[in-house]
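From first to last, the protein sequence lines are chains H and E.
Position 67 (the first sequence) corresponds to 71 in our numbering; numbering is contiguous.
Position 56 (the second sequence) corresponds to 197 in our numbering; numbering is contiguous.
Read the structure below first, then the notes.
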Amino acid sequence: MNLTINSFMNQPDERGHFGPFGGRYVAETLMPLILDLEREYRAAQADPAFQAEFDDLLEHYVGRPSPLYHAERLTEELRKNAPAGKGAQIWFKRDELNHTGAHKINNCIGQILLAIRMGKTRIIAETGAGQHGVATATVCARFGLPCVIYMGAKDVERQQPNVFRMKLLGAEVIPVTSGANTLKDAMNEALRDWVANVHDTFYIIGTAAGPHPYPELVRDFQSVIGKEARAQMVSRTGRLPDLLVAAIGGGSNAIGLFHPFLNDASVQMLGIEAAGHGLDKEHAASLAGGRPGILHGNKTYLLQDEDGQIAEAHSISAGLDYPGIGPEHSWLKEIGRVRYDSVTDSEALEGFQLLCRTEGIIPALEPSHAIAAVAREAVKMDRDQIILANLCGRGDKDIFTVAEALGTAI
Amino acid sequence: MTRLSSAFLANHAALVTFITAGDGDTAANLDGLVAGGADVIELGMPFTDPMADGPAIQKANIRSLEAGTTTADIFAIATAFRARHPNVPLVLMGYANPMTIRSADWFAAECVKAGVDGVICVDIPPEEDAELGPALRSAGVDLIRLATPTTDTARLPAVLEGSSGFLYYVSVAGITGLQQAAQASIEDAVARLKAATDIPVAVGFGVRTPEQAAAIAKVADGVVVGSAIVEIIAQHGRDAAGPVRDYVASLKTAILTARS
């Protein structure tokens with residue numbers, strides 16, 4: 005293994021940069037707090053008791069390790085339309101079976117332990133689909149801390165079941181009516197709250213984005229996905245997968261799956277952005293349709309106009325409806341280690357139904373994008389090859405959205 | 142001697158006033174600020190995601206962008222202002238992305254062409270200075286940094302390094318236009334900042350009334366007022382210049398008598 009390959013896992017640098025991306029672009033009021041958080045995270049990393057508590061909660065509270073599942077019926081279904089000898093084996097990392105129904109809880113456990121270490125007594129978070137909001141409200145209930153969730157008013161409307169869950173868990177859900185009323189605006193409002201309450205408040209950011217050290221620590225907490233999957237795959241098949249696939253909004257489930265495999269040269273990786281109505285129309289594919297800029301504390305690919313005004317994203321999936329992407333993905337794209345592609349709303353709906361019918365699993369709309377891409381890739385790959393996709397959330401929250409899109413009344 | 146440093150030489154605190162470019166009749170409102178006695182003008186560059194701003198300036202950003210304001214429009218406003226008011230210092234204030242999207246060098250050169258004296262960028266802390274600072278300094282445009290209640294003594298030298306024009310003390314940990322800090326905490330902070338730097342210290346965030354402005358003017362080199370003016374523009378639309386002038390004049394009168 006040479007130094008070049010090692011460097012895939014050595015990011016970010018000491019200033020929080022992933023190549024030209026990342027960094028700490030925040031108001032001066034927040035800067036001392038960001039530096040405190042970094043110091044505390046370094047101390048936690050060096051503290052075996054912190055890791056032990058994190059591992060214990062993941063095992064006994066979240067329900068990890070999540071299974072690695074060989075989707076044989078889906079594999080066979082896709083082989084029906086594949087050329088002779090083609091049709092890769094499909095495997096899923098079942099992070100939708102976690103407590104709260106998505107991968108988001110992994111990161112929330114890590115961050116609330118950090119918040120407690122720092123003596124913070126109030127938690128805030130932003131949420132899009134509501135999965136991160138539910139996960140944050142859950143850990144706040146578990147540790148007895150007050151919790152305020154900012155959620156775009158449009159998302160409040162389209163994710164009512166999750167709003168109710170958050171309220172049941174004792175969180176205050178504040179609908180955000182500025183901007184486009186979606187995830188980006190919820191993040192603005194959470195930052196405004198934070199800047200006014202720095203003395204007692206910890207901001208649990210839900211994706212691998214924001215100012216350093218958030219992209220790094222969210223990635224590290226989510227890397228449990230890839231570490232488990234790698235060990236499980238080797239144990240079950242005696243080999244590594246040939247292709248990893250994951251959906252990307254901010255990119256936390258994808259970086260969690262990819263990162264532990266980055267130095268495995270034989271493993272290809274595919275990140276799937278939301279192409280919405282199509283890349284030539286409204287979409288949420290920052291890498292495909294954006295360019296580098298500065299927003300929400302980091303430099304990364306953003307959907308924006310020539311003056312640097314941020315564009316509105318669109319995806320049928322509220323969790324992918326964000327005009328930016330985590331900075332490590334921007335870097336992995338630029339160096340070519342990960343390939344990025346996109347899937348439209350209607351392709352994702354097909355992926356959703358395909359998994360329901362072939363495997364008896366109702367996926368969230370976010371991983372439905374990954375499933376659609378798996379279907380596209382599998383027919384191009386040999387039968388002895390392995391695709392491992394992250395099933396990062398379950399679809400209970402999305403049944404109303406899907407029913408409406410399919411023209412069915414519930 | 143720059144236009145900015147001259148503005149802080151008088152025997153009274155400088156009145157620093159903010160409006161958002163492209164919100165209402167900006168040229169007339171700028172003239173209203175000057176007629177009312179503003180010593181320094183901050184012209185806000187609208188941004189879709191103004192994370193550090195309260196509701197008043199958020200709405201001004203939206204009004205401006207919905208009216209179609211572009212970066213070219215903002216520099217045209219600045220250029221015309223400079224032609225009408227050769228001696229009044231003009232500072233652009235805004236967020237990193239619109240300032241750096243075409244490159245920091247491009248932005249700095251446009252500032253020079255338009256007669257802009259300084260730049261305040263909310264979301265580029267000293268740690269990311271390379272993004273904008275070197276380009277502004279080599280173009281001779283002041284980079285005006287923000288200090289806040291969370292900027293402790295250990296961190297202050299890093300904030301001051303590379304700052305010029307004036308230091309903007311954000312008197313509350315929070316967003317623009319909401320609460321005001323207690324006078325005692327402002328006095329302590331200004332004393333601490335002035336012990337660490339020779340550049341003027343202006344105090345803002347939450348300043349609304351002539352009485353508040355006068356109290357700050359007793360101890361600081363400048364008083365910054367923004368949201369209260371932006372609210373007058375929201376109320377009067379394209380006919381705001383007169384009310385803006387009258388309000389600014391009331392602040393200025395209070396500041397002129399503050400130290401007597």
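For glycine and all other residues, C-beta sits at the position ideal for the given N, C-alpha and C.
Just verifying my parser: in three-state terms, what is the DSSP assignment at Gly-399/H? Numbered from 1 along the first sequence, position 395 holds the residue referred to as residue 399/H. The answer is coil: DSSP assigns Gly-399/H none of H, G, I, E or B.
Proximal chain H residues relative to Ala-193/E, where beta-carbon distance stays under 7 Å: Residue numbering aside, residue 193/E sits at position 52 when the second sequence is read from its first letter. Near Ala-193/E (Cβ distances below 7 Å), the residues of chain H are Ala-31, Val-199.
I need the DSSP call for Met-122/H, collapsed to helix, strand or coil. In the first sequence, the residue the question calls residue 122/H occupies position 118. In this structure, Met-122/H counts as coil in the three-state DSSP scheme.
Local conformation of Val-143/H per DSSP, three classes: On the first sequence, position 139 is the one that residue 143/H refers to. When secondary structure is reduced to three states using DSSP, Val-143/H falls in the helix class.
Identify whether Met-13/H lies in helix, strand or coil by the three-state DSSP scheme. Residue 13/H sits at position 9 when you count from the first residue of the first sequence. Three-state result, Met-13/H: helix.
Close beta carbons around Asp-270/E, own chain, < 7 Å, minus the five adjacent residues each side: Locating residue 270/E in the second sequence gives position 129, where the first residue counts as 1. Cβ within range, chain order: Gly-303.
Taking three-plus beta-carbon pairs below 8 Å as touching, is the region 346-359 of chain H in contact with the region 145-163 of chain H? no
CB contact flag (Gly-255/H, Ala-317/H, <9 Å): If you number the first sequence from 1, residue 255/H lands on position 251. If you number the first sequence from 1, residue 317/H lands on position 313. Taking a C-beta distance under 9 Å as the contact criterion, Gly-255/H and Ala-317/H do not qualify as a contact pair.
Met-237/H - DSSP class collapsed to helix/strand/coil: By one-based count along the first sequence, residue 237/H stands at place 233. Here Met-237/H sits in helix by DSSP.
Show which residues of chain H have a CB atom less than 8 Å away from the CB atom of Gln-199/E. On the second sequence, residue 199/E is found 58 positions in, with the first residue counted as 1. Residues of chain H passing the Cβ test: Ser-182.
Nearest to Glu-44/H by CA position, among Ala-413/H, Glu-232/H, His-216/H, Gly-312/H, is which residue? One-based indexing of the first sequence puts residue 44/H at position 40. The option with the nearest alpha carbon to Glu-44/H is His-216/H.
What residue range does the beta strand (DSSP E) around Ile-391/H cover? Position 387 of the first sequence, counted from the first residue, corresponds to residue 391/H. Note, Ile-391/H: beta strand (DSSP E), 390-394.
Figure out for me which residue from Asp-264/E, Leu-297/E, Ala-395/E has the closest Cα to the Cα of Ala-336/E. For this step, residue 336/E is matched to residue 195 along the second sequence. Nearest of Asp-264/E, Leu-297/E, Ala-395/E to Ala-336/E, Cα basis: Leu-297/E.
Would you mind giving the Cβ-Cβ distance between Ser-319/H and Ala-292/H, rounded to the nearest angstrom? I have them listed as a contact below 8 Å. Working through the first sequence from its first residue, we reach residue 319/H at position 315. Working through the first sequence from its first residue, we reach residue 292/H at position 288. With a Cβ gap of about 13 Å, Ser-319/H and Ala-292/H do not count as contacting.
Would you kindly report the start and end of the unbroken alpha helix (DSSP H) that includes Met-170/H? The sequence position of residue 170/H within the first sequence is 166, counting from 1. It spans 164-172 - the alpha helix (DSSP H) in which Met-170/H sits, taken as one unbroken run.
The region 309-321 of chain H: positions lying closer than 7 Å to chain E by Cβ: From the region 309-321 of chain H, only Asp-311, Gly-312, Gln-313, Ile-314 have a Cβ closer than 7 Å to chain E.
Please classify Asn-6/H: does DSSP put it in a helix, a strand, or coil? For the purposes of this step, residue 6/H is taken as residue 2 along the first sequence, with counting starting at 1. No answer about Asn-6/H holds up, because its pLDDT of 42 lies below 50 and its placement is not dependable.
If you measure between the beta carbons of Arg-386/E and Ala-369/E, is that distance less than 9 Å? Looking up residue 386/E in the second sequence gives position 245. Looking up residue 369/E in the second sequence gives position 228. Going by C-beta atoms, Arg-386/E is not nearer than 9 Å to Ala-369/E.
Under a Cβ-count criterion, where at least 16 other Cβ atoms within 10 Å of its own Cβ denotes burial, should Asp-258/E be classed as buried or exposed? Position 117 of the second sequence, counted from the start, is the residue given in the question as residue 258/E. Answer is buried; the Cβ neighbour count reaches 16.
By Cβ distance, which residues of its chain are closer than 8 Å to Leu-101/H, with the 5 residues on each side in sequence left out? As a working note, residue 101/H is residue 97 in the first sequence. Only Gly-67, Ser-70, Pro-71, Arg-398 meet the Cβ criterion.
Tell me whether Thr-294/E is buried or exposed, calling it buried when 16 or more other Cβ atoms sit within 10 Å of its Cβ. Translated into the one-based positions of the second sequence, residue 294/E becomes position 153. When all chains shown are included, Thr-294/E counts as exposed.
With a threshold of 9 Å between beta carbons, is Val-152/H in contact with chain E? Translated into the one-based positions of the first sequence, residue 152/H becomes position 148. So no, Val-152/H is outside the interface.
Going by C-alpha to C-alpha distance, which of Arg-387/H, Ala-190/H, Glu-310/H, His-107/H sits closest to Val-228/H? Here the question's residue 228/H lines up with position 224 in the first sequence. Considering only alpha carbons, the answer is His-107/H.
Name, in chain order, the residues that DSSP records as bridge partners for Thr-348/H. Within the first sequence, numbered from 1, the residue matching residue 348/H stands at position 344. Its beta-bridge partners are Gly-280/H.
Below 8 Å on the Cβ atoms is my contact criterion, and I expect Asp-204/H with Ile-276/H to pass it. Report the Cβ-Cβ distance as a whole number of Å. As a working note, residue 204/H is residue 200 in the first sequence. As a working note, residue 276/H is residue 272 in the first sequence. Contact doesn't hold; Cβ gap of about 39 Å is too wide.
Leaving out five residues on either side along the sequence, give the residues of the same chain with a beta carbon under 7 Å from the beta carbon of Arg-77/H. Walking along the first sequence from the start, residue 77/H turns up at place 73. Excluding the 5 residues flanking it on each side, Arg-77/H has same chain C-beta neighbours closer than 7 Å at Thr-362, Glu-363, in chain order.
Taking DSSP as the reference, what is the three-state secondary structure of Asn-302/H? Locating residue 302/H in the first sequence gives position 298, where the first residue counts as 1. In the structure shown, Asn-302/H sits in a strand (DSSP, three-state: E or B).
If we ignore side chains and look at the alpha-carbon of each, how far apart do Ala-235/H and Ala-208/E end up? The residue given as residue 235/H occupies position 231 in the first sequence. The residue given as residue 208/E occupies position 67 in the second sequence. Our two residues, Ala-235/H and Ala-208/E, have alpha carbons roughly 56 Å apart in a direct line.
Using beta carbons (cut-off 9 Å, strictly below), is Leu-277/E in contact with chain H? Counting from one through the second sequence, the residue named residue 277/E turns up at place 136. So no, Leu-277/E is outside the interface.
With a threshold of 8 Å (Cβ to nearest heavy atom), would Arg-77/H be considered close to the ligand FMN? Because no ligand of any kind appears in the structure shown, any question about the ligand FMN cannot be addressed here.
Look up Met-186/E in the DSSP assignment and say whether it is helix, strand or coil. Taking the first residue of the second sequence as position 1, residue 186/E is located at position 45. Met-186/E falls in the coil class under three-state DSSP.
Any Cβ of chain H within less than 9 Å of the Cβ of Val-263/E? Indexing the second sequence from 1 puts residue 263/E at position 122. Yes, Val-263/E counts as interfacial toward chain H.
Nearest-angstrom Cα separation, counted from Asn-185/H out to His-333/H: Within the first sequence, numbered from 1, the residue matching residue 333/H stands at position 329. Within the first sequence, numbered from 1, the residue matching residue 185/H stands at position 181. Each residue's CA atom was taken as its position, placing His-333/H and Asn-185/H some 25 Å apart.
Close beta carbons around Ala-176/E, own chain, < 7 Å, minus the five adjacent residues each side: Mapped onto the second sequence, residue 176/E falls at position 35. Cβ contact annotation for Ala-176/E (same chain, cutoff 7 Å, sequence separation greater than five): Arg-386, in chain order.
Spatially closest choice to Asp-180/E from Gly-363/E, Ala-169/E, Thr-189/E, Arg-243/E, by CA coordinates: Stepping through the second sequence from its first residue, residue 180/E is reached at position 39. Per the Cα distances, Gly-363/E.
In terms of DSSP beta bridges, what is Ile-314/H paired with? Locating residue 314/H in the first sequence gives position 310, where the first residue counts as 1. Ile-314/H is bridged to Gln-308/H.
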